[in-house]
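Asks: Numbering (numbering that gives the first Met the number 0), first residue to last: 0 to 122.
Glycine included, each C-beta is placed from N, C-alpha and C at the ideal position.
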Amino acid sequence: MAQIELKNYGMVDIDTQLTAATFLTLQDEGIVDKDFLDKIVNAKVEGDIPLKIKLNTLYAAYREANETDYLDYQTFIKSYQIDYVQLTLVVGAAIVKKDVGEFGAFSQTLINKIPKTGTSSGK
């Protein structure tokens, strides 16, 4: 299980293999709206996903890993120091239903498959 560091609470677990139950709970609590998943899945590029949606995804991953003993949303957000690389990995992992570590390796294999253009043999 992956972990992130919160400013006032140290390392906490996150689980990016999110369940429907977590989303329904967060929707009932007013943390995510009914279009939350559509906004993530229908984004054409990572930049199309607003920061708040990324933070909500991170909180959902935190709640997935901490079902009974967890920080409320405001306390969590006030303690999280923004790390765009981390947020991007968490959102990507959640979309493809992988652990953050697995997703990092998966995304690197995809990057390696991108054809290199503009290379010259020097002749």
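Say whether the region 76 to 90 touches the region 23 to 30, bearing in mind that this needs 3 or more beta-carbon pairs closer than 8 Å, one atom from each stretch.
Replies: With the cut-off at 8 Å, the region 76 to 90 and the region 23 to 30 do not touch.
Asks: Alpha carbon to alpha carbon, how far is A19 from I52? Give it in angstroms, no decimals.
Replies: Counting from 1 along the sequence shown, the entry for residue 52 is found at position 53. Counting from 1 along the sequence shown, the entry for residue 19 is found at position 20. Cα-Cα distance, rounded: 17 Å.
Asks: Less than 8 Å between C-beta atoms, sequence neighbours within five positions excluded: which residues of the same chain meet that for Y58?
Replies: Position 59 of the sequence shown, counted from the start, is the residue given in the question as residue 58. Correct list, in chain order: L25, I30, Y72, F75, I76.
Asks: Anyone know if the C-beta pair for L70 and Y8 falls short of 8 Å?
Replies: Within the sequence shown, the letter at position 71 stands for residue 70. Within the sequence shown, the letter at position 9 stands for residue 8. It is a contact, given that the beta carbons lie within the stated cut-off.
Asks: Who does Q2 pair with in a DSSP beta bridge?
Replies: Residue numbering aside, residue 2 sits at position 3 when the sequence shown is read from its first letter. Paired residue(s): D12.
Asks: Got a sec? Which residues, its chain only, sit under 7 Å from I94 by beta carbon, not counting five neighbours each side?
Replies: Here residue 94 refers to the residue found at position 95 when the sequence shown is read from its first residue. Cβ within range, chain order: I39, V40.
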